[in-house]
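All remarks here apply to the structure that follows.
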Amino acid sequence: MTAPQTPDRNPRRAFIAAAGAGVAGLGFAAIAPGLHLMAVGEANAATEARKAGTAASPAVRWGLLIDAGKCAPGCTKCIDACHTENGVTEKLPDPRQNSQWIRKIELVDRRDGRKTELPMMCQHCANPPCVDVCPTGASMKRADGIVLVDRHTCIGCRYCMMACPYKARSLVHVPLTEQNPEVPRGQGCVESCTLCVHRVDKGQTPACVESCPEGAMLFGDLNDPSSAIAKRIASVPTTQVRADLRLNHGVRYQGL
Amino acid sequence: MMRILAAMVLAMIAVSPAPTFAGEGERTPKPVVTIENPGKCVAPAEEMRRNHMEMLKHQRDRTLRAGIRGEPASLNACIECHASKATGSVLGTAEGGKGRNFCESCHSYVAVKLDCFECHQPKAKFKAAGVKP
Ligand code: SF4
Ligand code: SF4
């Protein structure tokens, strides 16, 4: 259960430390190149495909950084791309029973009416409550931080759906026939965002990231200080939704 | 246990020189197994008949839980090779209504439930609508 935790990369702390040492200028210098990199936007360079026969490495922690400031109002391209990629196409008479691997959420600041939209999905917690409660061991976290359901052992009890603070999981209610061969899914099992594990293992990025016309999503290895995502997290303020739960998410947000 | 038993039954049928209930008038017609791509299997037929479920069970854990890709035993690889050329599937009635397709033929004969395809796609080269290669 104890996973390698991603170091806290709050840029303000680095700055305060530098300022405390009496070299405030250094803090700024360290931040500035990071900001520059973000502006250039070397976003989402395909990661390397893992060689056949090798296991997922705990040295890697896959993550996603979502810039809510860029997410366009009313756009559902990421949801469509996700559900196409993963074969989540069934439309049930009761729409509440449809699986949702991603949903769009609108936040309204009641004081000034400012609206923010953002996509919400499994946050790929480092300390996932869904894994804690699962009675069969079906809910699991891979070495590289991707949280999955092993449908071979899932009994559909839905404990994990109740435990997840983000409503990230869905139960499949009906028999299915149109599955993508790379994404098996079926009736009676719980499912959630897999971070497109079948694509990531091939060196591709998740379908949602690829589909976003605004470039609002950045995918990469949080543990690799030279990755675009780690650099941006090191240089701009980012948040984890309900960070007070201390689940240490792989999915981070910017501009909330 | 059921699966091992079933595999043994199958293996016995395969090696027995004079099947007890062959020919006309049998209660359950013997499975007609069509091998679409002979000689390409990852292991000899005897071993596959006996152990395919074990091979797939261990592979699925390595792939899903450890993230190991590209293993020789892979359900998708089985399907790609064994799907009927006529119907594209390892399930269902074979071409011309004679017998059933690869997986279903034996499994229905020995009455072993075939759970794999409640989640896995039984058709070869199936492209879910809109998925890019
Ligand atoms: S967001 Fe929910 S489903 Fe995803 S890892 Fe955390 S608790 Fe589990
Ligand atoms: S529904 Fe499946 S994955 Fe979720 S807690 Fe139950 S057995 Fe575990």
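Keeping their order, the protein sequence lines are chains A and B. Residues 15 to 270, numbered by this note's numbering, are exactly what the first sequence covers, in order. Residues 78 to 210, numbered by this note's numbering, are exactly what the second sequence covers, in order. Think of the CB as a built atom: it goes at the ideal place given N, C-alpha and C, for glycine as much as any other residue.
At the level of alpha carbons, what is the spacing between residue i and residue j?
i, j, result
"L141(B)", "M154(A)", "10 Å"
"M135(A)", "D192(B)", "29 Å"
"Q137(A)", "A120(B)", "41 Å"
"V255(A)", "I112(B)", "54 Å"
"R104(B)", "F194(B)", "27 Å"
"G170(A)", "G151(A)", "12 Å"
"K216(A)", "R124(A)", "44 Å"
"V189(B)", "A140(A)", "40 Å"
"C155(B)", "V147(A)", "35 Å"
"Y173(A)", "K105(A)", "24 Å"
"R126(B)", "C180(B)", "11 Å"
"H97(A)", "K200(B)", "20 Å"
"P195(A)", "V109(B)", "26 Å"
"E192(A)", "S166(B)", "13 Å"
"S249(A)", "L270(A)", "16 Å"
"G264(A)", "G159(A)", "7 Å"
"K117(B)", "S240(A)", "44 Å"
"T164(B)", "P106(B)", "21 Å"
"E228(A)", "A143(B)", "34 Å"
"D108(A)", "Q114(A)", "13 Å"
"V223(A)", "K175(B)", "47 Å"
"A244(A)", "L259(A)", "22 Å"
"G169(B)", "N178(B)", "6 Å"
"N100(A)", "I116(A)", "11 Å"
"G127(A)", "P142(A)", "33 Å"
"V122(A)", "Q218(A)", "34 Å"
"T252(A)", "R246(A)", "9 Å"
"M176(A)", "N112(A)", "17 Å"
"N128(B)", "R110(A)", "42 Å"
"A150(B)", "R139(B)", "11 Å"
"M130(B)", "A242(A)", "43 Å"
"I145(B)", "K204(B)", "23 Å"
"G173(B)", "K202(B)", "22 Å"
For the putative contact between residue i and residue j, defined by C-beta atoms under 8 Å, what is the C-beta separation to the nearest angstrom?
i, j, result
"I93(A)", "K118(A)", "7 Å"
"V3(A)", "V204(A)", "An answer regarding residue 3(A) cannot be provided, because it is not within the stretch 15 to 270 covered by chain A."
"H197(B)", "L152(B)", "6 Å"
"A95(A)", "A221(A)", "4 Å"
"K129(A)", "C226(A)", "19 Å between Cβ atoms; not a contact."
"P272(A)", "R156(A)", "This structure does not reach residue 272(A), given that chain A is present from 15 up to 270, and the question cannot be answered."
"C144(A)", "C178(A)", "5 Å"
"A171(B)", "S161(B)", "6 Å"
"M231(A)", "L78(A)", "6 Å"
"C214(B)", "N114(B)", "Past the edges of chain B, shown from 78 to 210, lies residue 214(B), and the structure says nothing about it."
"G200(A)", "L190(A)", "5 Å"
"Q136(B)", "E148(B)", "5 Å"
"H268(A)", "A82(A)", "Sequence inspection shows Gln at residue 268(A); the His mentioned does not correspond to that position. Sure, about 7 Å apart at Cβ, within 8 Å."
Can you name the residues that DSSP bridges to residue i?
i, result
"V265(A)", "L78(A)"
"S153(A)", "V163(A)"
"V122(A)", "K129(A)"
"E205(A)", "S184(A)"
"M135(A)", "I116(A)"
"L232(A)", "L79(A)"
"T253(A)", "Y267(A)"
"R177(B)", "T170(B)"
"K190(B)", "Answer by DSSP bridge pairing: none, since K190(B) is not bridged."
"K200(B)", "S166(B)"
Under the criterion of a Cβ to heavy atom distance below 7 Å, does residue i qualify as lining ligand 3?
i, result
"E120(A)", "Ligands present in the displayed structure are limited to ligand 1 and ligand 2, and ligand 3 is not among them."
request  = Would you check if there are 3 or more beta carbon pairs closer than 8 Å linking the stretch 203-217 of chain A to the stretch 176-185 of chain A?
outcome  = yes
query = Just checking, does the stretch 62-70 of chain A make contact with the stretch 186-205 of chain A on the three C-beta pairs under 8 Å criterion?
reply = No contact exists between the stretch 62-70 of chain A and the stretch 186-205 of chain A.
message = For the stretch 226-237 of chain A against the stretch 72-91 of chain A, do three or more pairs of beta-carbon atoms, one drawn from each stretch, fall closer than 8 Å, so that the two count as touching?
response = yes
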